[in-house]
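Take a look at the structure set out below.
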Amino acid sequence: MPGGGAERHEVSYDRYSLTVDGERVLLWSGEFHYFRLPSPRLWRDVLEKIRAAGFTGVSLYFHWGFHSPAPGVYDFTGVRDVDRLLRMTDELGLHVVARPGPYINAETTGGGMPAWLKTVEGRARSSDPGYTAAYREWLSRINPIIARHQVSRGGSVIAYNVENEYAVNVDPAYMEDLQAQARSAGIDVPIVHNNCCGGSLANWSSGRGAVQIPGVDDYPQTFNCHDPDTWGGWGDGVTRRLRDDAPVYAAEYQAGAIDLNDAGYDKCRELTGPGYMKVFYKSNIIESGATMFGYYMTYGGTNWGWLAQPNDVYTSYDYGSAITEARTLTTKYDEFKRQGYFVGSVAPLTKTDESPAPTPADPAVATRARANPDTGTQFVLVRHADRRTSADVSTTLAWSTPDGDHQVPVRVNGRDAKILVAGYDMGGQRLVWSNSEILTHLPIAGRDVAVLYGRDGEPGSTVLRYPSRPTVRVLEGSVRSSYDGGDLRLDYTHSGLARVLVSGGGRPPLLLLLGTDETAARFWRLDTPAGPVLVRGTALVRSAHVAGDRLALRADTDRAGEVEVFSPARHLSVGGRSVPVRRTASGSLLGSLPGPEQVRLPELSGWEYRAEPPAHGDQGWTTADKTTTASPIKPRTLPVLYADEYGHHHGNVWYRGEFTANGAERKVVVNAITGRRGVYLVWLNGRYLGSAAGGTQADSEPVNPDPGRGEFAVPPGLLAPGQRATLAVLVENMGHNDDWTADDTRFKQPRGLFGVVVEGSEAPIAWRIRGSRGMDGERGALNIGGLHGELSGWHLPGGGRWQRSPDALPAGVSWYRTHFELDLPRGHDVSLGLRFDDTGERDYRVLVFVNGWSAGQYLHRLGPQREFVLPNGVLRERNTLTFAVIAEEELPGGPGPVRLVTLGNHRTGG
Ligand code: GAL
């Protein structure tokens, strides 16, 4: 475990696992994106939750574009302070797979590459000199930060991931240089890569550019959340071994899904729920022998500001993951905990070879096995032979365990899989076999405490070996025991929580806790310098500290209930408060804790209004006169009007085009590229002509030659011959495409106007452009676009001339704001959301700002999101909520009813 101190450790590996100072390490990591949670305080919250589920590590992308608004400009302060992030993982003892790209994909704008790179000549993700200079600049900033947090320097970084699913259009010289850059910056931990897709695509396991530990990404459940019952549509999800001399690495293993078809993330959570996790994760552990895992995502977060890549996602990146966007824990979290505690407790799992599996009497059940060559411990996977079936099958395994041949009854009911263990030195005990699964076991106060579990109502048996007959006391539940020739056999039905105390027999005492899936998931295991501690109850235990005879917990509760601790301590405090306890027959301490207080939220009222006229004001405009572009996609008309060419990379962009009218103009034909769900609005001489959906360029050939076309009739009499005519166009930039194909064709697709023709006019149009530039203070470059209100700071709390809102908003941009005060119970963690309830058929969208932070974009008609998580890190007692409303038509009554909602409420105590 990384210690956060100055101790230096040596990280190495062999075909079985990573090692730290020669000790085998099982890397069970969850993916977390700091850039999708704009609050370092909440990074710690999520990391503590990840750790509490038994994860031993986290997989962290580092987002180049999030830190770099312009060439040569890098920011690692505030919500971009990744050194702070890595200090947290150091302190929390979570191993880190550092993934700085330069390309990360991740459904984020540009796949993590900065938008300014779109204007750099030379193919991205290649060894082209233009691109090389750019990525070396990024690596020269990020690598030293990562390097100083390596396990080898007393920190937490245990592996370094170069590139991301670099599979097609590959350039080995580039892969080689990424590694050379890392090494010369002092990266000395193993270098890994996450391969995708299998087949003949590059996986970097051999040849020029090969990495030390090639890993594989796998999303067996697909991304079709509309059909959550689907089962393994993209394969069996068994991670391939890519190198004989390196561990098998499941680099990204599906733990949620992007909501490609707008089904909503709850459906994605169902698609990747506990049944899937049991069958696929456990099968993979045994069938592949992997000892390195990264589960994507464990906490998804929010595409706040302009973080989203528009083709695949929207504001929420909840991902249907185990920890919701509002930071609450789900039944998926429970399943992660059951598996994470197991893989983290049973050390022989770090070194296994495939071994003969016991034969089931009923071929409807399939088994696979692995064994540790040093200890002989066997791990047997039991599941349906046909993965798809949800039958209920009971059968018997003829199992040759290290401790003799046994007939082991097993049951597989529905979507289920188990990993059963035999021949295991479980602390001071000898587990011969069990058909219950192991949650964890730990030595506490001179005895072994072990938690085993099975599905509610299923029969269970556990056999333990003793030199002489032990004494068995059933403290709770119904458990039968028999002793025969050295084997103590316990038979029971999994139900609630049974407790058995076994003493004597020539071994240290054993407290055996036999639970169900649900009761097992109520346990929390914590390691303290004074030894491990087991806690039952509460919604979360963040940390444990032993001082003298007192155990101090930091724990969250979501309801009133029991707390039970197994520890040598005699006193308990939770959240800084002493908790009265009594000693139980199990030797534990039992107390009770209050649940959270009720939350009362204010209504949102007293809205103020401010108009933003089209292409307002004379400040900050740039003449748009470029005639060439680095984009492989050339514009329809000149000058080039791509926003990126003028340094405006994120959000909305205003254009002003002036020409001399002749009176015969018939219509304005516009092409604009925005990315999916984008829009643009057109005015002529202040008159609103209308809007059109922004275009996308096709991801593959043929490229759309006529993207986002809109035709707008010129109203008769609007233009007079010889007079100046002014076009005003607002174009939204929904974010930048990724570059999965590493060939620039998606990534360098422009944003902004693609062509403008005024039919009936030959007059040249003089264009100017205005958009966002650089940083918005602490909130960074992705927080705002180029609305006049944004550039003037209307989204920030403060004064300004705001008025009563009119009865109907005009088409175009209007600003709204209100203030609200929060009086949340102290010592609580309350997650809040903002809900839009408008059911009208109107076309508008809203940029939501809370205290100046962009919380996302509500697309009234296009959806799918109606509820937006407001990150606690930016909420205060007194808050300003500001909307930039972009209406494509007149909007009577404004943007409709909106309210605050509670998405989570926990008493945290401090
Ligand atoms: C992988 C990729 C990740 C993410 C994921 C889907 O292919 O490496 O960055 O995009 O797919 O969510």
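Residue numbers for the sequence shown follow full-length UniProt numbering, beginning at 1 and rising by one.
Where a beta carbon is used, it is the ideal one built from N, C-alpha and C, also for glycine.
*Between which two residues does the beta strand (DSSP E) harbouring PHE336 extend?*
On the sequence shown, position 336 is the one that residue 336 refers to. Per DSSP, PHE336 lies in no beta strand (DSSP E) segment; the continuous alpha helix (DSSP H) that holds it begins and ends at 331 to 345.
*Consider the C-beta atom of CYS196 and the heavy atoms of the ligand GAL; say whether any pair is separated by less than 7 Å.*
Working through the sequence shown from its first residue, we reach residue 196 at position 196. CYS196: yes, Cβ under 7 Å from the ligand GAL.
*asked:* By alpha-carbon positions, which one of ASN261, VAL11 and LEU92 ends up nearest to THR528?
replied: Position 528 of the sequence shown, counting from 1, holds the residue named residue 528. Of the candidates ASN261, VAL11 and LEU92, the one whose C-alpha sits nearest the C-alpha of THR528 is LEU92.
_By alpha-carbon positions, which one of ARG455, LEU497, MET426 and MET113 ends up nearest to LEU464?_
As a working note, residue 464 is residue 464 in the sequence shown. Nearest C-alpha to LEU464: MET426.
*With a threshold of 16 other CB atoms inside 10 Å of the CB of ASN732, please say whether the residue is buried or exposed.*
Taking the first residue of the sequence shown as position 1, residue 732 is located at position 732. The identity of residue 732 in the sequence shown is Glu, whereas the question assumes Asn. Burial call: buried.
*Exposed or buried, what is GLN221 when buried is set at 16 or more other beta-carbons lying within 10 Å of its beta-carbon?*
In the sequence shown, residue 221 corresponds to position 221, counting from 1. Of the residues assessed, GLN221 falls on the buried side of the cut-off, its CB having 16 or more other CB atoms within 10 angstroms.
*Just tell me which of ARG141, TYR858 and TYR333 has its CA closest to the CA of ASP295.*
For the purposes of this step, residue 295 is taken as residue 295 along the sequence shown, with counting starting at 1. Residue identity differs from the one stated: residue 295 is Tyr in this sequence, not Asp. Of the candidates ARG141, TYR858 and TYR333, the one whose C-alpha sits nearest the C-alpha of TYR295 is TYR333.
*Touching or not, the region 753 to 768 and the region 132 to 149, by the rule of three or more beta carbon pairs under 8 Å?*
No: fewer than three Cβ pairs fall under 8 Å.
_What would DSSP say about PHE280, mapped onto helix, strand or coil?_
Residue 280 sits at position 280 when you count from the first residue of the sequence shown. In the structure shown, PHE280 sits in a helix (DSSP, three-state: H, G or I).
*asked:* Below 8 Å on the Cβ atoms is my contact criterion, and I expect VAL189 with ALA159 to pass it. Report the Cβ-Cβ distance as a whole number of Å.
replied: Counting from 1 along the sequence shown, the entry for residue 189 is found at position 189. Counting from 1 along the sequence shown, the entry for residue 159 is found at position 159. With 8 Å as the limit, VAL189 and ALA159 qualify as a contact, their Cβ atoms being about 5 Å apart.
*Leaving out the 5 sequence neighbours to the left and right, which residues in its chain are closer than 8 Å to LYS282 when beta-carbon positions are compared?*
In the sequence shown, residue 282 corresponds to position 282, counting from 1. Around LYS282: GLN339, LEU381, ARG383, ALA417, LYS418 and ILE419.
*How about ARG269 and THR230: do their beta carbons lie closer than 8 Å?*
The residue you call residue 269 lines up with position 269 of the sequence shown. The residue you call residue 230 lines up with position 230 of the sequence shown. No, these two residues do not count as a Cβ contact at 8 Å.
*For the region 639 to 659 against the region 709 to 716, are there 3 or more C-beta pairs whose distance is under 8 Å?*
The region 639 to 659 makes no contact with the region 709 to 716, as fewer than three CB pairs between them are under 8 Å.
*For LEU500, which residues of its own chain have a beta-carbon under 6 Å away from its beta-carbon, when the five flanking residues on both sides are left out?*
Here residue 500 refers to the residue found at position 500 when the sequence shown is read from its first residue. What sits at residue 500 in the sequence shown is Val, not Leu. Contacts found: VAL474, VAL479 and LEU512.
*Cβ-based neighbour list, LYS506, same chain, cut-off 7 Å, excluding 5 preceding and 5 following*: Translated into the one-based positions of the sequence shown, residue 506 becomes position 506. According to the sequence displayed, residue 506 carries Gly and not Lys. Result list for GLY506: TYR466, PRO467 and SER468, in chain order.
*By DSSP, does ILE765 sit in helix, in strand, or in coil?*
Working through the sequence shown from its first residue, we reach residue 765 at position 765. DSSP places ILE765 outside both helix and strand once states are collapsed to three, so it counts as coil.
*asked:* Less than 7 Å between C-beta atoms, sequence neighbours within five positions excluded: which residues of the same chain meet that for ARG370?
replied: Here residue 370 is taken as the residue at index 370 of the sequence shown, counted from 1. Taken in chain order, the residues that qualify are ILE286, GLY289, THR352, ASP353, GLU354, SER355 and PHE379.
*Since VAL581 is in the alpha helix (DSSP H), which residue starts that stretch and which ends it?*
Residue numbering aside, residue 581 sits at position 581 when the sequence shown is read from its first letter. Neither: VAL581 is in no alpha helix (DSSP H) and is coded neither H nor E.
_Please return the same chain residues whose Cβ sits closer than 7 Å to the Cβ of residue 997, not counting the five positions on each side in sequence._
Outside the shown range of the chain, which is 1 to 910, sits residue 997, and nothing can be said about it.
_Beta bridge counterpart(s) of ASP829 as assigned by DSSP_ = Along the sequence shown, one-based indexing puts residue 829 at 829. In the DSSP assignment, the residues bridged to ASP829 are HIS906.
*Out of VAL238, GLU603 and GLY722, state which residue places its alpha-carbon closest to the alpha-carbon of GLU821.*
Taking the first residue of the sequence shown as position 1, residue 821 is located at position 821. Closest by alpha carbon: GLU603.
*Would you be able to state if there are at least three C-beta pairs under 8 Å between the region 687 to 698 and the region 619 to 629?*
Contact between the region 619 to 629 and the region 687 to 698 is absent, because fewer than three Cβ pairs lie under 8 Å.
*Under 8 Å, do GLU325 and GLY300 count as touching if we go by C-beta distance?*
Counting from one through the sequence shown, the residue named residue 325 turns up at place 325. Counting from one through the sequence shown, the residue named residue 300 turns up at place 300. Contact: yes.
*Expressed to the nearest angstrom, what Euclidean distance is found between the alpha-carbon atoms of GLY561 and TRP654?*
Numbered from 1 along the sequence shown, position 561 holds the residue referred to as residue 561. Numbered from 1 along the sequence shown, position 654 holds the residue referred to as residue 654. Rounded to whole angstroms, GLY561 to TRP654 spans 57 Å at the Cα level.
*asked:* So for PHE76, helix, strand or coil by DSSP?
replied: Numbered from its first residue, the sequence shown carries residue 76 at position 76. Correct three-state label for PHE76: coil.
*Assuming GLU888 and VAL563 make a contact with CB atoms under 8 Å, what is their CB distance in whole Å?*
Sequence index remark: in the sequence shown, residue 888 carries index 888 (1-based). Sequence index remark: in the sequence shown, residue 563 carries index 563 (1-based). Rounded to whole angstroms, the Cβ separation of GLU888 and VAL563 is 54 Å, and the two are not in contact under 8 Å.
_Assuming GLU518 is part of the beta strand (DSSP E), what are its boundary residues?_
By 1-based counting over the sequence shown, the position of residue 518 is 518. No beta strand (DSSP E) contains GLU518, which is instead part of the alpha helix (DSSP H) from 517 to 520.
*asked:* Quick check: what's the CA-CA separation for GLN150 versus ILE187?
replied: Position 150 of the sequence shown, counted from the first residue, corresponds to residue 150. Position 187 of the sequence shown, counted from the first residue, corresponds to residue 187. Pairing GLN150 with ILE187, the inter-Cα distance amounts to about 8 Å.
*Closest to VAL170 by CA distance: which of SER156, PRO144, SER127 and SER206 is it?*
Within the sequence shown, residue 170 is the residue found at index 170, counting from 1. Of the candidates SER156, PRO144, SER127 and SER206, the one whose C-alpha sits nearest the C-alpha of VAL170 is SER127.
*For ALA781, which residues of its own chain have a beta-carbon under 7 Å away from its beta-carbon, when the five flanking residues on both sides are left out?*
Numbered from its first residue, the sequence shown carries residue 781 at position 781. If we look at ALA781 and ignore the five residues flanking it on each side, its Cβ neighbours are PRO69, HIS650, GLY774 and MET775.
*Could you name each continuous beta strand (DSSP E) segment of 3 residues or more that falls completely within the region 182 to 261, going from the start of the chain to the end?*
Runs found: 191 to 195, 213 to 218 and 249 to 254.
_N-terminal and C-terminal residue of the alpha helix (DSSP H) that MET88 is part of_ = The sequence position of residue 88 within the sequence shown is 88, counting from 1. DSSP places MET88 inside the alpha helix (DSSP H), whose first and last residues are 82 to 92.
*For TYR296, verify whether its CB is less than 7 Å away from any heavy atom of the ligand COA.*
Only the ligand GAL can be found as ligands here, which leaves the ligand COA out of the picture.
_Outcome for PRO38 when other beta-carbon atoms lying within 10 angstroms are tallied against a minimum of 16_ = Residue numbering aside, residue 38 sits at position 38 when the sequence shown is read from its first letter. By the 16-neighbour rule on beta-carbons within 10 angstroms, PRO38 is buried.
*So what does DSSP say about LEU862, is it helix, strand or coil?*
Counting from 1 along the sequence shown, the entry for residue 862 is found at position 862. In this structure, LEU862 counts as coil in the three-state DSSP scheme.
*Alpha carbon to alpha carbon, what distance is there between THR471 and VAL599?*
Here residue 599 refers to the residue found at position 599 of the sequence shown. Here residue 471 refers to the residue found at position 471 of the sequence shown. Spanning the two alpha carbons is a distance of roughly 51 Å.
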